[in-house]
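Data first, discussion second: the structure below is written as structure tokens.
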Amino acid sequence: ANGGTTTANVVSWDATPVLSNGISVSGGNAIKFSNAGYYQITSELAATISVGANPVFSVWLAQNGTNIANTAQDVQLLGGANTVQMIVCSWLLDVAVNDTVQVYWSSTDTNVSLTYQAASGSPTKPASPSAIVNVSQIAYSTSGYSGYSGISGYSGISGYSGFSGISGYSGWSGISGFSG
Numbered sequence: 003a004n005g006g007t008t009t010a011n012v013v014s015w016d017a018t019p020v021l022s023n024g025i026s027v028s029g030g031n032a033i034k035f036s037n038a039g040y041y042q043i044t045s046e047l048a049a050t051i052s053v054g055a056n057p058v059f060s061v062w063l064a065q066n067g068t069n070i071a072n073t074a075q076d077v078q079l080l081g082g083a084n085t086v087q088m089i090v091c092s093w094l095l096d097v098a099v100n101d102t103v104q105v106y107w108s109s110t111d112t113n114v115s116l117t118y119q120a121a122s123g124s125p126t127k128p129a130s131p132s133a134i135v136n137v138s139q140i141a142y143s144t145s146g147y148s149g150y151s152g153i154s155g156y157s158g159i160s161g162y163s164g165f166s167g168i169s170g171y172s173g174w175s176g177i178s179g180f181s182g
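Take 3 as the starting number for the sequence shown in this note's numbering and just add one per residue.
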């Protein structure tokens with residue numbers, strides 16, 4: 003239900019995710035992360051208006067209880083009363099270990115709500131929840147540890163120097179001249 007035109011309505015989630023891999027639901031409305039990294043978060047909200055037509059529907063994220071800048075997405079609901087419109091929004095988000103993320107929505111009309119669609123027949127169709135969220139880790143925010151460097155090997159022993167050759171003989175001195 004919509005709490006009013008100035009109310010931030012938090013989306014509640016089923017506490018049993020299909021595949022969790024470090025992602026869980028905390029307090030019924032917060033998506034909790036056990037692993038740090040970059041995640042793609044996609045919400046699918048089934049919105050309807052019971053009376054009237056064409057209000058604005060807004061969706062945004064909060065991380066650890068604080069609205070995240072530049073995450074709001076506005077859509078105008080078209081089709082009039084009792085039509086259901088799927089609002090699909092996707093964000094990329096950097097999270098730390100134990101961070102929580104919440105999906106919020108609001109509308110300019112108090113007659114707007116999220117709607118569950120029951121299973122039906124002819125043809126037989128399964129039920130459709132009022133809200134779905136898909137969370138996928140797309141990158142790790144830290145690299146792994148580097149291994150230790152190995153020990154350097156010892157230098158080899160230097161070879162012996164060769165013997166010097168025998169020096170050659172000096173030539174004879176010339177005869178000194180006479181003094182006069």
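By construction, the Cβ of each residue, glycine as well, lies at the ideal position given by its N, Cα and C atoms. Since we're looking at a predicted model, the values are computed, not measured.
- Counting along the chain, Ser-115 sits inside the beta strand (DSSP E) bounded by residues 114–116.
- Annotation: the continuous beta strand (DSSP E) that includes Tyr-41 extends over 39–51.
- Counting other Cβ atoms within 10 Å of its Cβ, Leu-63 reaches 16 or more and is therefore classed as buried.
- The stretch 29–41 and the stretch 73–88 do not touch, with fewer than three beta-carbon pairs separated by less than 8 Å.
- Scanning Leu-95, Val-99, Asn-100, Val-90 for the CA closest to the CA of Trp-107 turns up Val-90.
- One alpha carbon belongs to Ala-83, the other to Ala-48, and they sit about 14 Å apart.
- Thr-68 is bridged by DSSP to Gln-65.
- Secondary structure of Tyr-142 (DSSP, three-state): coil.
- Looking at the DSSP output, Trp-15 shares a beta bridge with no other residue.
- The secondary-structure analysis by DSSP pairs Val-135 across a beta bridge with Ser-45.
- Residue pairing of Ser-28 in beta bridges, as defined by DSSP: Ala-32.
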